[in-house]
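A short write-up of the structure that comes next.
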Amino acid sequence: MAVPPADRSTTEDETGDETGGAARRPLALRPSRRPLVWAVPLLVPAAYIEVRVFGEFRLFFLNNALIVGLVFLVAMVLKLLRGRTDADAVGVRNRLVGRTKRMAWSEISELTVTPTLFGRVVTVRGQAVRRTMLAAPREGLLGRDPDFDETLRAMRALAGARGPRVTDNVHRSARITYWAMIAVFLGAGVFLWRPWLETWWPGVDEATELPRACAVADPATAARLLPAPGRPAARERDMRYSESSDCRYRDADDRVLALQLDLDQRTNSSGGAAQIRDDYATALRIEADAARSRAAHPDEWTVTTGGVPGLGDEAWRSVSVGRSDGEAEVRLVARRANVVVQVRYDAKRPADQAASEAAALARRALDRIEFR
1 MAVPPADRST TEDETGDETG GAARRPLALR PSRRPLVWAV PLLVPAAYIE
51 VRVFGEFRLF FLNNALIVGL VFLVAMVLKL LRGRTDADAV GVRNRLVGRT
101 KRMAWSEISE LTVTPTLFGR VVTVRGQAVR RTMLAAPREG LLGRDPDFDE
151 TLRAMRALAG ARGPRVTDNV HRSARITYWA MIAVFLGAGV FLWRPWLETW
201 WPGVDEATEL PRACAVADPA TAARLLPAPG RPAARERDMR YSESSDCRYR
251 DADDRVLALQ LDLDQRTNSS GGAAQIRDDY ATALRIEADA ARSRAAHPDE
301 WTVTTGGVPG LGDEAWRSVS VGRSDGEAEV RLVARRANVV VQVRYDAKRP
351 ADQAASEAAA LARRALDRIE FR
């Protein structure tokens, strides 16, 4: 006598004859629960992705597809846990999740084997029975049943000579649908994660933290650049992991040396460099407007503006020299990856020397930042 597979149990009357008794045994079938090994853990990332994209209007169609996929996955888990199919000479009793449906063999005209993503399921239909999927026998990922065909033949034999015919669904539309749903989930996951924005991705070099601005523009630097600098005024000077840090010195004649560092961390939708470009453009626009305002008074100011080659990924500065006192005011904005550096330096010294000192301070700040 053949040993029944692990995912079904059988009952029989031991008085059955040798020729037909084995084929006419009632069947009590359960789906294999081995697919739960992958289905249950998959629920967590699937639910996470759905929560992240829910309510995003631009992801309306993706969101709907994810809802359908998540519902399908939950339904599959419940079917594996609750499913049961019993067959005897009278008919079939089938429970997928909730209530048990009873179908007499006289109502069933066809048993159809339908391919799924990684296996097969059996559906029944007839004139008095709508198309119904049986809880078992079935095959799936990690749920192979070597006796699937034998079990199906035994079920068909229970119906007798005028029982339903067994057919194969050659269209395989269900398998195509399942693969499409998996592609949607994977696409959504990649879209949200965006690994190409991660710092470990080849070609992506971004900073994750800033040094303290007052550690770069330290008192020794201020004493060299300003005649008599006062105590530094710093914002978040003790927050090493802050996304912004600045330091400012002012001397007795109201000249200023200031350094400001800003960092944008990556998000799920863009890298830090993509966001910081807007910050850089804003800072540059503010300083450019101020330079144009001074340039509108050529009798008071001599203004020079332009890029700073070799400083970060992009840099710009303006140098304004007062015609009355000869003092130079340098405004410099530089960006490297996801960091923006701004320098303000007022000096009673030649304009080219003041511009060189401001660029050196910005370069020193960038050198202190680790990009990886």
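By the numbering used here, the letter at position 215 of the sequence shown is numbered 215, and the numbering carries on one by one without gaps. Glycine residues also receive a C-beta, built at the ideal position from the N, C-alpha and C atoms.
Under the 10 Å beta carbon count, ASN64 is surrounded by fewer than 16 other beta carbons and is classified as exposed. LYS79 and ALA136 have their C-alpha atoms roughly 10 Å apart.
Under the DSSP assignment, PRO219 falls outside any beta strand (DSSP E), being part of the alpha helix (DSSP H) whose first and last residues are 219-225. ASP299 and ALA281 have their C-alpha atoms roughly 29 Å apart. Rounded to whole angstroms, the Cβ separation of ARG364 and VAL216 is 6 Å, and the two are in contact under 8 Å. Around the beta carbon of VAL40, a 10 Å sphere encloses fewer than 16 other beta carbons of the protein chains shown; the residue is thus reported as exposed. By the CB criterion at 7 Å, THR85 and LEU134 fall inside the cutoff. Counting along the chain, ARG162 sits inside no alpha helix (DSSP H), nor does DSSP assign it H or E at all. For ALA328, the beta-bridge partners assigned by DSSP are VAL321 and ALA347. Linking GLY69 to GLY187 through their CA atoms gives a straight-line distance of about 13 Å.
The three-state reading of DSSP puts ASN338 in coil, since its state is none of H, G, I, E or B. From the listed residues GLY91, MET76, GLU50 and ALA355, the smallest Cα separation to LEU27 is found for GLY91. CA-to-CA, the gap between GLY163 and GLY98 works out to about 27 Å. A contact between stretches requires three or more CB pairs, one per stretch, nearer than 8 Å, and the region 289-309 fails this requirement with the region 239-258. According to the DSSP assignment, VAL113 belongs to the beta strand (DSSP E) that extends over 110-115.
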